[in-house]
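Student:
Numbering (full-length UniProt numbering), first residue to last: 1 to 72.
1) Check residue 34 in the structure and name its three-state DSSP category.
2) Mapping DSSP to helix, strand and coil, what is residue 46?
3) Would residue 5 and residue 12 qualify as a contact pair, given that the criterion is a beta-carbon distance under 8 Å?
4) In the structure shown, what three-state DSSP assignment does residue 21 receive?
5) Quick one: what does DSSP say residue 7 is sitting in, helix, strand or coil?
Rendered as structure tokens:
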């Protein structure tokens, strides 16, 4: 990607890093100017009541410590 010699002129230079950087800059400008206003992200297919129940397993720290002490 980078030239192998210290003396670099336009015939020895590999322009891959320049082109890649240019593509990144153009892509970021395109996103900042246009797509940020248009893109709204992925839509959910769940209703408001879906996923409201959360299963909780009540575990106290004391019982967890006792079970590890018994195993040792």
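For every residue, glycine included, the Cβ atom is placed at its ideal position computed from N, Cα and C.
Tutor: Straight from the coordinates:
1) If you number the chain shown from 1, residue 34 lands on position 34. Residue 34: helix per DSSP, three-state reduction.
2) For the purposes of this step, residue 46 is identified with residue 46 of the chain shown, where counting begins at 1. It is coil, neither helix nor strand.
3) One-based indexing of the chain shown puts residue 5 at position 5. One-based indexing of the chain shown puts residue 12 at position 12. Their beta carbons are under 8 Å apart, which means residue 5 touches residue 12 by this criterion.
4) For the purposes of this step, residue 21 is identified with residue 21 of the chain shown, where counting begins at 1. In the structure shown, residue 21 sits in a helix (DSSP, three-state: H, G or I).
5) On the chain shown, residue 7 is found 7 positions in, with the first residue counted as 1. Three-state result, residue 7: coil.
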